[in-house]
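Quick note on the numbering used here: the sequence shown kicks off at 6 and runs consecutively.
Okay, so here's the structure we're looking at.
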Amino acid sequence: MALSIVALFVTDSVYSWISVHGIVYDNTTGYLEGGWALFYVLWGAAALHRSMRQLETPTPEREVKNPRLRLYLLAGASLMAPAVELFQALRGEQVDVPVLAGCSAVLFILVIARLKGLMVDVNEHRRTERQLREAETKYRTLVEGLPAVVYIAEFGEEGAWRYVSPQIESILGFTQEEFMSAAKFWREQILTEDRDQALAAELQILNGEGRMQCEYRIRSPKGRVIWIREEAEALTDENGRPVYLQGVMYDVTNQKEGEGRLRQALDTEKEATKRLTTLHEMQNSFLQAVSHDLRTPLTSILGSALTLEQSGDTIAPEDQQDLIRRMASNARKLRRLLTNLLDLDRMSRGTVEPNRGQVDLALIAATVIQECNLENHPIELGASGPVMATVDADQTERIIENLITNAVRYTPPETPIWVTIEPFEDGVIIRVEDAGPGVRDDLKATIFEPFRQGDEVVAHSPGVG
């Protein structure tokens, strides 16, 4: 068609020059008119040819420039020959080729119709392009407004990144250019222990196993570990073969940290429940032991009192004194047990108030040893003389008594016991030692917990010492 237009301009110009100047060449004008007609036919045929349909198809890669100028130029070229014929007729000259003028008019109309259709197609193409740009702008605005990283990438470890949304910088700390610089860049930022899992999820999509969803950790440029949840699916070609991977990455660090805190709180709650259960069991054992220890002296006191009540007149005076001493000894045991229980309750509520005073600890220890009435355990008090200290006398007495009682109850009969009291710097050290087996290693860490007792004992103990 381009050649037809060029040839048409040449023949139109030559024919017009000859006609206007009245130059006649007998044998030349016929050839000229024939060529002129032939070029018009070729131009019209080219304009109507089905190959021209290609110009009507929108091509985003190529924009049509100045379509209206092209239309006016082609229209002017088509009008050149009829204008010359009209000029000759107005001058009264004979029109040589009326049939040719008619053919020119018909071809001109056909060409204009074709060009009009092309103009409509060009305008439609521009409108379509504008709509595509608007849709792309809306889609980009939507994608870049999401609180997640949207991406398109090729499959495989060497697959290039086709697109990564700007959120990559605010979420992971990398720029778009930095993240897309190399296919392996993303893989290198994943923590080593999570890397295989992330690559396996991508392989799952490539094998046609459906949508991918996985979680892994990435280290940011500042060294912060970020939890990422990635969801993706495959973009396939016309044959259904996976070509691209399209997906989103969410920052779930806060969620993961919250889950960790919940797990920690749950573990703490389980541990507390376990400790409370253990404490409840020990408390039950303690109550059983206390019940036994209270019942034993109470039974002895009651038996001695009944004996004196029923047979007091017939019992020898020395036997009566022995019964009275036993009643007094068991009464003191009951008092100590009750005092310990009361002290334990006050300590649990934080209401124990020491009553300090200057006392002789050696004298207190000797009194406790005498009142304990140890018949089956030899006991020795190691103190060179009075050992003075400012302490609560009653509390200190119970401490020494409980230590001696434990030494008696958790050692075999005839096991020696040593009580040592000696000054040390600004205070006093009180030691109660025995030659028994001692505390087992597995109980040393918990032996001072409330209600805790050893498993193997010689006699029951309330465990309040």
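Backbone N, C-alpha and C define an ideal beta-carbon position, used for all residues, glycine too.
Cβ pair residue i, residue j closer than 8 Å
{"i": "T484", "j": "D439", "result": "No answer is possible for residue 484: the residues shown for the chain start at 6 and end at 470."}
{"i": "R330", "j": "E376", "result": "no"}
{"i": "E198", "j": "V257", "result": "no"}
{"i": "V169", "j": "F184", "result": "yes"}
{"i": "Q395", "j": "R361", "result": "Looking at the sequence shown, residue 395 is not Gln but Thr. Yes."}
{"i": "R154", "j": "Q172", "result": "Arg is not the amino acid found at residue 154; the sequence shown has Val there. Contact flag set, yes."}
{"i": "A398", "j": "I369", "result": "yes"}
{"i": "E304", "j": "L328", "result": "Strictly speaking, residue 304 in this sequence is Thr, with Glu absent from that position. Contact flag unset, no."}
{"i": "A203", "j": "E163", "result": "no"}
{"i": "G178", "j": "K143", "result": "no"}
{"i": "G265", "j": "Y156", "result": "no"}
Reference residue i; option with closest CA among the options
{"i": "P247", "options": "E238, Q181, V253", "result": "E238"}
{"i": "P152", "options": "R96, L349, M254", "result": "M254"}
{"i": "E380", "options": "T304, D399, V413, R351", "result": "V413"}
{"i": "P359", "options": "T273, I210, R403", "result": "R403"}
{"i": "I176", "options": "E163, E149, Q202, W166", "result": "E149"}
{"i": "M287", "options": "E139, R96, L95, F453", "result": "F453"}
{"i": "A262", "options": "R222, N244, R300, D242", "result": "The sequence shown places Glu at residue 262, not Ala. Closest by alpha carbon: R222."}
{"i": "G432", "options": "Q363, P421, I384, D447", "result": "Q363"}
{"i": "P428", "options": "R200, S389, K449", "result": "S389"}
{"i": "G245", "options": "Q260, I210, G441, A165", "result": "I210"}
{"i": "P3", "options": "R138, Q269, H382", "result": "The question about residue 3 has no answer here: the residues shown for the chain are numbered 6 through 470."}
{"i": "G387", "options": "V424, T420, I405", "result": "V424"}
{"i": "P391", "options": "E406, N407, T401, A371", "result": "A371"}
{"i": "T451", "options": "L240, T283, E129", "result": "T283"}
{"i": "T241", "options": "I233, R234, L250", "result": "L250"}
{"i": "P421", "options": "K449, L448, I384, I405", "result": "I384"}
{"i": "E430", "options": "V444, M393, N407", "result": "M393"}
{"i": "N259", "options": "K279, I233, H130, Q269", "result": "I233"}
{"i": "A165", "options": "T319, S186, N289", "result": "S186"}
{"i": "L349", "options": "Q400, Q315, P322", "result": "Q400"}
{"i": "S334", "options": "R131, S309, P322", "result": "S309"}
{"i": "L347", "options": "E314, V295, V444, T319", "result": "V295"}
{"i": "N345", "options": "L408, Q315, I320, N289", "result": "L408"}
Continuous beta strand (DSSP E) stretch holding residue i: start and end
{"i": "T241", "result": "230 to 241"}
{"i": "E183", "result": "First-last for E183: 181 to 184, but that is the alpha helix (DSSP H), not the beta strand (DSSP E)."}
{"i": "F429", "result": "422 to 429"}
{"i": "E385", "result": "384 to 387"}
{"i": "N193", "result": "It should be pointed out that residue 193 corresponds to Glu in this sequence rather than to Asn. Taken as a continuous stretch (DSSP letters only), E193 belongs to no beta strand (DSSP E), being part of the alpha helix (DSSP H) at 188 to 194."}
{"i": "G390", "result": "It is not in any beta strand (DSSP E) - G390 carries neither H nor E in the DSSP assignment."}
{"i": "P152", "result": "It is not in any beta strand (DSSP E) - P152 carries neither H nor E in the DSSP assignment."}
Beta-carbon separation (whole angstroms), residue i vs residue j, contact threshold 8 Å
{"i": "F2", "j": "E207", "result": "Any answer about residue 2 is impossible in this case: the structure gives the chain only from 6 up to 470."}
{"i": "L366", "j": "I426", "result": "5 Å"}
{"i": "I306", "j": "M332", "result": "5 Å"}
{"i": "L271", "j": "P302", "result": "In fact, because the Cβ distance is near 47 Å, the residues do not count as touching under 8 Å."}
{"i": "G317", "j": "Q325", "result": "7 Å"}
{"i": "R229", "j": "L196", "result": "With 8 Å as the limit, R229 and L196 do not qualify as a contact, their Cβ atoms being about 12 Å apart."}
{"i": "R167", "j": "A158", "result": "6 Å"}
{"i": "R216", "j": "E243", "result": "At roughly 21 Å, the Cβ-Cβ gap does not stay under 8 Å, so R216 and E243 are not in contact."}
{"i": "R341", "j": "E274", "result": "Going by Cβ atoms, the distance from R341 to E274 rounds to 39 Å, so no, they are not a contact pair."}
Residues bridged to residue i [DSSP beta-bridge criterion]
{"i": "M217", "result": "A237"}
{"i": "M287", "result": "DSSP lists no partner for M287."}
{"i": "Y168", "result": "I157"}
{"i": "R222", "result": "W232"}
{"i": "Q363", "result": "T395"}
{"i": "V433", "result": "P428"}
{"i": "P247", "result": "T241"}
{"i": "M254", "result": "V154, E235"}
{"i": "D439", "result": "I422"}
Boundaries (first-last residue) of the alpha helix (DSSP H) holding residue i
{"i": "L211", "result": "197 to 211"}
{"i": "R96", "result": "Unbroken run through R96: none, as it is neither H nor E."}
{"i": "D399", "result": "398 to 414"}
{"i": "I176", "result": "172 to 177"}
{"i": "I374", "result": "366 to 377"}
Closer than 7 Å: residue i CB and nearest the ligand FMN heavy atom
{"i": "D439", "result": "Absence of the ligand FMN is noted for the structure shown, with no ligands found whatsoever."}
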